[in-house]
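K.L.:
Input: one structure, supplied below.
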Ligand code: IFM
C-alpha cells in the first residue's frame with residue numbers, strides 16, 4: 004500500500020469534494036446544532052456553529068476556488084431550518100439562495116449532489132422529538148417534497164440522509180450530540196425511522212422527477228470493525244456489534260427489509276431503494292475489551308483515526324457483492340495539521356479505489372474546506388482549502404493542488420510523486 008507508484012484511475016471514476024451546511028454556512032440560529040453548540044461543555048474547543056466558514060455569504064468565493072482546482076462534482080447539503088423555520092412555513096428566500104448556489108455551480112461546470120439531511124434539524128422539529136417519534140416523520144417528507152420540487156430543474160442527484168447510524172449513535176447512544184440521550188432502544192428506533200424516511204423520500208423524489216433522470220441514495224458511514232485479538236468468540240462479538248451499529252440500517256434503507264433488532268418484516272414493502280451505493284469511509288476500529296485500540300505500527304490522524312486504505316477495498320467489495328450497484332464514495336478524507344499527511348492519505352485511498360475491482364463511479368473528498376467538526380469544533384482541519392475562522396481568509400493547501408492534478412491527469416503520475424515527495428511510507432505520527 005505504501006510504495007508510491009504512478010497509477011491511473013478507473014475510467015468511470017469521477018472525483019469531487021463534499022461539505023455540509025451546518026459545518027460551513029454559519030449564520031443560522033434555528034437549528035439543533037446551534038443550540039447544542041452554544042451550551043457549555045458540548046464542543047471541545049468551545050466554538051459554535053454561528054460563524055463556521057461563513058459560506059452562506061461567501062459561497063461564490065468558495066465555488067470559484069473549487070473551479071480553479073478543476074473540481075467537477077460537489078456534494079453540499081441543505082439546512083432544513085432555513086427552508087422551514089416553523090412547521091409548515093416554508094421560506095422562499097432561503098430556497099432562492101440555494102437555487103442561486105446551484106445555478107452558479109452549473110455555470111462553473113460543477114455537478115451538484117444535494118444532501119437533504121446532514122445531522123441538523125430545525126429546532127422546532129428537535130423539540131417535537133425529531134426522528135425518535137413516528138408521528139414526526141411526515142414533517143421530513145413534507146420538507147423533502149418542498150425542497151426537491153424547488154430544485155428539480157437544477158439538480159438530478161440526491162442523498163436523502165447522511166450517515167443514519169452515526170446520527171442515531173452519537174445522539175441517542177453516546178449522547179455526545181443532540182439530543183444527548185443514552186438509550187439502546189431509542190438508538191434502534193431512530194435508525195428504524197431514518198430508514199423509513201429514506202425509503203419514502205426515495206419514492207417521492209422519483210415520483211417528482213417521473214421520467215426525468217434522477218439518482219437517489221443515502222450515505223452510509225461504515226468502518227472496519229475488528230477484534231484486536233481475533234478468535235471465534237471475539238470475532239462473533241464484533242460481528243454482532245458491527246451488524247447492530249452499522250449494517251442493519253443499510254439493509255433496511257436499501258431493501259425495505261427491516262431485520263431484528265431494528266425492526267421486522269417490510270413495513271413499506273420490499274424494493275430496491277437506491278440508484279447508487281453511498282459510502283462514507285474513514286478508518287478501522289480495532290476493539291479491545293470494549294474500547295478502541297490502534298495497531299501501534301499504523302499511522303493515525305490527529306483525531307486518532309487509523310489510516311487503513313485496505314478497508315475501502317474490503318467494504319466496497321462487500322457492498323457491491325450484496326447490493327450490485329455502482330458505488331459512490333460520498334466521503335473520504337482525513338483530519339491533519341500536517342498537509343503532507345493528507346496528500347499521503349489521498350494517494351493511498353485513491354490507489355485502493357483502483358484495486359477494488361468493483362464499479363466505483365464517484366469519490367468525494369471530505370472536505371472541500373476546513374469546517375466545524377461537530378463536537379470537536381473548529382480545530383479539526385479536514386479541508387483541501389484552509390480557512391482561518393477569525394479572518395475567514397481561504398488558502399488552497401498543497402493537498403488541494405495535489406487533488407487538482409489527480410483530476411487533471413486522472414491518476415497520479417511519476418512527476419507528481421516527485422513533486423509532492425511521495426517517497427516514504429506513511430509513518431506513525433510522533
Ligand atoms: O465531518 C463529518 C461529516 O459531517 C460526516 N462524516 C464524517 C465527517 C468527519 O468526521
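Numbering (this note's numbering), first residue to last: 4 to 433.
Idealized CB from N, CA, C, for every residue including glycine.
#1: Assuming the contact rule is C-beta atoms closer than 8 Å, residue 76 and residue 367 should be a hit. Round their C-beta distance to whole Å, please.
#2: Whether or not the region 319-326 and the region 336-344 are in contact is what I'm after, with contact meaning three or more pairs of Cβ atoms, one per stretch, closer than 8 Å; do they touch?
#3: Taking just the CA atoms, how far does residue 303 sit from residue 432?
#4: Which residues in the same chain as residue 430 place their Cβ atom closer than 6 Å to its Cβ, once the five residues preceding and following it in sequence are excluded?
#5: Starting from residue 230, follow the beta strand (DSSP E) in both directions and report where the run begins and ends.
#6: Ends of the alpha helix (DSSP H) at residue 24?
#7: What is the DSSP secondary structure of residue 10, counted as helix, strand or coil?
#8: Compare the Cα-Cα distances from residue 98 to each of 10, 390, 297 and 84 and report the closest residue.
#9: Give me, in chain order, the residues of the same chain whose beta-carbon lies closer than 8 Å to that of residue 4; leave out the 5 immediate sequence neighbours on both sides.
#10: Taking 6 Å as the limit between beta carbons, can you name the residues of its chain near residue 17, skipping five residues before and five after?
#11: Would a C-beta distance cut-off of 8 Å place residue 265 and residue 195 closer than the cut-off?
#12: Could you tell me the alpha carbon to alpha carbon distance between residue 165 and residue 300, rounded to whole angstroms?
#13: Could you confirm whether any beta carbon from chain B is found closer than 8 Å to the beta carbon of residue 149?
#14: What would DSSP say about residue 4, mapped onto helix, strand or coil?
#15: Counting Cβ pairs closer than 8 Å, one from the region 163-180 and one from the region 216-225, do we hit at least three?
#16: Would DSSP call residue 301 helix, strand or coil?
#17: Apart from the five residues on each side of it in sequence, which residues of its chain come closer than 7 Å, Cβ to Cβ, to residue 172?
#18: To the nearest angstrom, how far is the alpha carbon of residue 297 from that of residue 305?
#19: Would you give the residue range spanned by the beta strand (DSSP E) that residue 333 belongs to?
#20: Could you tell me whether any non-hydrogen atom of the ligand IFM is closer than 7 Å to the CB of residue 23?
#21: Tell me whether residue 369 sits in a helix, a strand or coil according to DSSP, three-state version.
#22: Using the rule of at least 16 other Cβ atoms within 10 Å of the residue's Cβ for burial, across every protein chain shown, is residue 384 buried or exposed?
#23: Under the rule that 16 or more other beta-carbon atoms within 10 Å means buried, what is residue 214, buried or exposed?
#24: Quick check: is any heavy atom of the ligand IFM less than 7 Å from the C-beta of residue 283?
#25: Would you say the beta carbon of residue 385 comes nearer than 7 Å to a heavy atom of the ligand IFM?
#26: To the nearest angstrom, report how far apart residue 271 and residue 230 are at their CA atoms.
P.N.:
In short:
#1: Contact flag correct, Cβ pair sits at about 7 Å.
#2: They do not touch, by the three-pair rule.
#3: Unreliable positioning characterises residue 432 in this predicted model, as indicated by a pLDDT of 45, which lies under 50. The coordinate reading is nonetheless provided below. Looking at the backbone, the Cα of residue 432 and that of residue 303 are separated by about 7 Å.
#4: Residue confidence for residue 430 is low, a pLDDT of 48 falling below 50, so the modelled location carries little weight and cannot support an answer.
#5: Residue 230 -> beta strand (DSSP E) spans 227-230.
#6: It spans 24-27 - the alpha helix (DSSP H) in which residue 24 sits, taken as one unbroken run.
#7: Note: residue 10 maps to strand in three-state DSSP.
#8: Closest by alpha carbon: 84.
#9: Because the pLDDT at residue 4 is just 49, under 50, the model does not fix this residue reliably, and the point stays unresolved.
#10: Here residue 17 has 76 and 365 as same chain residues with Cβ atoms under 6 Å from its own Cβ, once five neighbours each way along the sequence are excluded.
#11: Yes, they are a contact pair.
#12: Each residue's alpha carbon lies about 32 Å from the other.
#13: No chain B is present in this structure, which holds just one protein chain.
#14: Low local confidence applies: a pLDDT of 49 at residue 4 is under 50, so the model's placement there is unreliable, and no value is given.
#15: In the pairwise beta carbon analysis, the region 163-180 is classified as touching the region 216-225: at least three pairs are separated by under 8 Å.
#16: It is coil, neither helix nor strand.
#17: Answer for residue 172: 190 and 248, listed in chain order.
#18: Looking at the two C-alpha atoms, the distance is approximately 13 Å.
#19: Element bounds for residue 333: 330-335.
#20: Using a cutoff of 7 Å, the CB of residue 23 counts as near the ligand IFM, since one of the ligand's heavy atoms is closer than that.
#21: Here residue 369 sits in strand by DSSP.
#22: The Cβ neighbour count for residue 384, taken over all protein chains shown within 10 Å, is at least 16; the residue is labelled buried.
#23: Answer is exposed; the Cβ neighbour count stays below 16.
#24: Proximity of the beta carbon of residue 283 to the ligand IFM is indicated: a heavy atom of the ligand is located closer than 7 Å.
#25: At least one heavy atom of the ligand IFM is found less than 7 Å from the C-beta of residue 385.
#26: Their Cα atoms are separated by approximately 36 Å.
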